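Taken in sequence, the protein lines are chains A and B.
With my numbering applied, the first sequence corresponds to residues 9 to 237, in that order.
With my numbering applied, the second sequence corresponds to residues 9 to 237, in that order.
C-beta: ideal position from N, C-alpha, C; glycine also.
Owing to the predicted nature of the structure, the values given are computational and were not obtained by experimental measurement.
Here is the structure we will look at, set down as structure tokens.
Protein chains: 2
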Amino acid sequence: MAKLDFSPIADTTRRAEIVALLRRAILTGQLEPGQKLNELRISEQMRVSRAPLREAMRELVQEGILTSIPYAGTFVIDVTAKDIIDAYSLNKVLDEFAIELAWPLRDRRFFDELDRRHEAVKQATRALDTTRQIETALQLHGLIYEWADNSVLLETWQRLTSRLQMYFALHQRARNEPVPAEDVHETYVALLKGSDMRAAQRHAREHIDLDFEELLAYARGLEKRASKN
Amino acid sequence: MAKLDFSPIADTTRRAEIVALLRRAILTGQLEPGQKLNELRISEQMRVSRAPLREAMRELVQEGILTSIPYAGTFVIDVTAKDIIDAYSLNKVLDEFAIELAWPLRDRRFFDELDRRHEAVKQATRALDTTRQIETALQLHGLIYEWADNSVLLETWQRLTSRLQMYFALHQRARNEPVPAEDVHETYVALLKGSDMRAAQRHAREHIDLDFEELLAYARGLEKRASKN
DNA sequence: TCTTGTTAGATTGTCGACAATCTGCTTGTC
DNA sequence: GACAAGCAGATTGTCGACAATCTAACAAGA
Numbered sequence: 009m010a011k012l013d014f015s016p017i018a019d020t021t022r023r024a025e026i027v028a029l030l031r032r033a034i035l036t037g038q039l040e041p042g043q044k045l046n047e048l049r050i051s052e053q054m055r056v057s058r059a060p061l062r063e064a065m066r067e068l069v070q071e072g073i074l075t076s077i078p079y080a081g082t083f084v085i086d087v088t089a090k091d092i093i094d095a096y097s098l099n100k101v102l103d104e105f106a107i108e109l110a111w112p113l114r115d116r117r118f119f120d121e122l123d124r125r126h127e128a129v130k131q132a133t134r135a136l137d138t139t140r141q142i143e144t145a146l147q148l149h150g151l152i153y154e155w156a157d158n159s160v161l162l163e164t165w166q167r168l169t170s171r172l173q174m175y176f177a178l179h180q181r182a183r184n185e186p187v188p189a190e191d192v193h194e195t196y197v198a199l200l201k202g203s204d205m206r207a208a209q210r211h212a213r214e215h216i217d218l219d220f221e222e223l224l225a226y227a228r229g230l231e232k233r234a235s236k237n
Numbered sequence: 009m010a011k012l013d014f015s016p017i018a019d020t021t022r023r024a025e026i027v028a029l030l031r032r033a034i035l036t037g038q039l040e041p042g043q044k045l046n047e048l049r050i051s052e053q054m055r056v057s058r059a060p061l062r063e064a065m066r067e068l069v070q071e072g073i074l075t076s077i078p079y080a081g082t083f084v085i086d087v088t089a090k091d092i093i094d095a096y097s098l099n100k101v102l103d104e105f106a107i108e109l110a111w112p113l114r115d116r117r118f119f120d121e122l123d124r125r126h127e128a129v130k131q132a133t134r135a136l137d138t139t140r141q142i143e144t145a146l147q148l149h150g151l152i153y154e155w156a157d158n159s160v161l162l163e164t165w166q167r168l169t170s171r172l173q174m175y176f177a178l179h180q181r182a183r184n185e186p187v188p189a190e191d192v193h194e195t196y197v198a199l200l201k202g203s204d205m206r207a208a209q210r211h212a213r214e215h216i217d218l219d220f221e222e223l224l225a226y227a228r229g230l231e232k233r234a235s236k237n
């Protein structure tokens, strides 16, 4: 018999689909920070009852991108400069740890996947698809976490990555200028293929710091805006 | 007018209470790993409809202590030796980071709170209340996270701490012997009050490693058991 | 004018019933 | 006896309606 590994079939609950839809809307910035989610309106738009919608919203609250106040409503989280600083400083620490764990586990498949994801970023960049560019860049970055073979670490990274994606999307959306065309990931990929772990860890930090400055400036601007209902 | 700062009033939704009840049942080991949660039975026992119960379960799934399979059921997570290793190795990294962040922020209130929580552990130990001992020890440990002033880090720790509490509870429950009476936290507290940050970080690691060995042995035993429905 | 009480409307929280799906048993066929 | 089809019971997923709560506007009184 031919060796075939089937991927698990799709979650066929409404709830799961709603989660995916809402998450996407939030992470791409279609739903703005602080915005209230009206259950009735959303459930009507999605042609779904409120029960699965509410369960989906519960998940996203725990995921950290929604926040809920009993009897008042559920809102997209607000983004402050401090949130971004916090997320990034933690990200640095986790990155260092992930590289350390993944380093001895790198193999052929790792390098192939690294190239594949790198290629995806470049393609999105060429296509000027900023949303997809952010998505693919984070997926490239997440490979070391998937390879680190530490389920709790991976879970933590996935939570963190949600926020990072949201921050980047907001940032991109704010500045209405084309995306930088050069490839900022070239060095990162090269270092992960190399033999100097310390160098890779160091670069991961600095590489992150690059976009961080821009993002932070944007966040400081946000700070001024009043919260909307 | 006298200066009074009121604490926020309690969440009065059934959902929040259910979450608290279920979480407690899981973290104290009343609900065993792998056990299935029957919605109808639980909702009848709690005198509550399934809607808020299901929403509560969604939260705990995202919190990482329940796992859900569509149309099959929701189960308490299984505990494997690897899970415990993963959680602990990440905990070490986070501890080091938290101490680094909290270190310059230590003040009078920090030291007072440190003593208070330390006292709570000692009291629970004297009372031979193992559940409370675990709880208070983790709260003592969590102080550096609360003081680190990094919301994402704190959130991450709280997620991690859920699992740790569960692991410890299972461990305690398995070995039916009295709790060690000596105070293993004395040195930790002293170092956090001192002036050598590196020493504090080092001890945090080793202190953790202490119970870790026991816990791990227990987990390896668990590994053999088949999953129950 | 400021504060307090009231009320109507909108929104969230909860409930009981129904639909979709799974599991294990039974039955029939070879 | 082995195996597939189909049925019955139990359980999860979803729905529509009702109850509890909040918000904002308005009225009454000091």
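For residue i, tell me which candidate among the options has the shortest Cα-Cα distance.
| i | options | result |
| --- | --- | --- |
| residue 57 of chain B | B:22, B:93, B:78, B:198 | B:22 |
| residue 182 of chain B | B:195, B:222, B:152 | B:222 |
| residue 127 of chain A | A:43, A:169, A:194 | A:194 |
| residue 176 of chain A | A:211, A:159, A:40 | A:40 |
| residue 26 of chain A | A:64, A:45, A:43, A:55 | A:64 |
| residue 125 of chain A | A:203, A:137, A:141 | A:141 |
| residue 192 of chain A | A:215, A:147, A:54 | A:215 |
| residue 211 of chain B | B:47, B:43, B:86, B:107 | B:107 |
| residue 62 of chain B | B:151, B:72, B:48 | B:48 |
| residue 84 of chain A | A:20, A:207, A:178 | A:178 |
| residue 45 of chain A | A:38, A:55, A:82 | A:82 |
| residue 168 of chain A | A:95, A:54, A:136, A:42 | A:95 |
| residue 43 of chain A | A:205, A:86, A:71 | A:86 |
| residue 180 of chain B | B:227, B:148, B:213 | B:227 |
| residue 204 of chain B | B:100, B:112, B:70 | B:112 |
| residue 209 of chain A | A:80, A:170, A:105 | A:105 |
| residue 54 of chain B | B:24, B:139, B:80 | B:24 |
| residue 38 of chain A | A:52, A:139, A:207, A:148 | A:139 |
| residue 80 of chain A | B:136, B:20, B:100 | B:20 |
| residue 148 of chain B | B:120, B:136, B:207 | B:120 |
If you follow the beta strand (DSSP E) that residue i is part of, which residue opens it and which one closes it?
| i | result |
| --- | --- |
| residue 75 of chain A | 74-77 |
| residue 84 of chain A | 81-84 |
Identify the contact partners of residue i in chain B, using a Cβ-Cβ distance below 8 Å as the criterion.
| i | result |
| --- | --- |
| residue 158 of chain A | 94, 97, 98 |
Could you name the residues of chain A that residue i contacts, counting a contact when the two beta carbons are closer than 7 Å?
| i | result |
| --- | --- |
| residue 59 of chain B | 59 |
| residue 105 of chain B | 101 |
Round the Cβ separation of residue i and residue j to the nearest angstrom and send it over; I've been treating them as touching at under 8 Å.
| i | j | result |
| --- | --- | --- |
| residue 102 of chain A | residue 161 of chain A | 7 Å |
| residue 68 of chain B | residue 30 of chain B | 6 Å |
| residue 154 of chain B | residue 173 of chain B | That belief does not hold up - the Cβ atoms of residue 154 of chain B and residue 173 of chain B are roughly 16 Å apart, past 8 Å. |
| residue 109 of chain A | residue 158 of chain A | 6 Å |
| residue 225 of chain B | residue 59 of chain A | So it is not a contact: roughly 45 Å between Cβ atoms. |
| residue 163 of chain B | residue 72 of chain A | 7 Å |
| residue 66 of chain A | residue 66 of chain B | 4 Å |
| residue 70 of chain B | residue 70 of chain A | 3 Å |
Mind checking which residues open and close the alpha helix (DSSP H) that includes residue i?
| i | result |
| --- | --- |
| residue 20 of chain B | Premise fails: residue 20 of chain B is in no alpha helix (DSSP H) and is neither H nor E. |
| residue 101 of chain B | 89-110 |
| residue 133 of chain A | 116-134 |
| residue 199 of chain B | 194-201 |
| residue 60 of chain B | 58-71 |
| residue 38 of chain A | Here residue 38 of chain A belongs to no alpha helix (DSSP H), and DSSP marks it neither H nor E. |
| residue 140 of chain B | 138-155 |
| residue 55 of chain B | No alpha helix (DSSP H) holds residue 55 of chain B; DSSP gives it neither H nor E. |
| residue 162 of chain B | 159-182 |
Taking residue i as the query, report the chain B residues whose CB atoms sit under 9 Å from its CB, ordered along the chain.
| i | result |
| --- | --- |
| residue 91 of chain A | 159, 160 |
Run down chain A in chain order and give the residues with a C-beta less than 8 Å from the C-beta of residue i.
| i | result |
| --- | --- |
| residue 41 of chain B | Within chain A, no residue comes near residue 41 of chain B; the closest Cβ sits about 15 Å away, beyond 8 Å. |
List the residues of chain B that residue i touches, going by C-beta distances under 7 Å, in chain order.
| i | result |
| --- | --- |
| residue 72 of chain A | 163 |
| residue 66 of chain A | 63, 66, 67 |
For residue i, which residues in chain A fall below 9 Å Cβ to Cβ?
| i | result |
| --- | --- |
| residue 21 of chain B | 78, 79 |
| residue 168 of chain B | 160, 164 |
Practice problem: Count the CB pairs spanning the region 110-126 of chain B and the region 56-76 of chain B that are closer than 8 Å, and state whether there are at least three. | Solution: Taking a cut-off of 8 Å on C-beta distances, the region 110-126 of chain B does not touch the region 56-76 of chain B, as fewer than three cross pairs fall below it.
Quiz item: Contact between the region 130-147 of chain B and the region 197-217 of chain A: three or more CB pairs below 8 Å?
Solution: A contact is defined here as three or more CB-CB pairs under 8 Å, and the region 130-147 of chain B fails this definition with respect to the region 197-217 of chain A.
Quiz prompt | Contact the region 87-95 of chain B vs the region 25-42 of chain A: 3+ CB pairs below 8 Å | solution = In short, these stretches do not touch, since the Cβ pair count stays below three.
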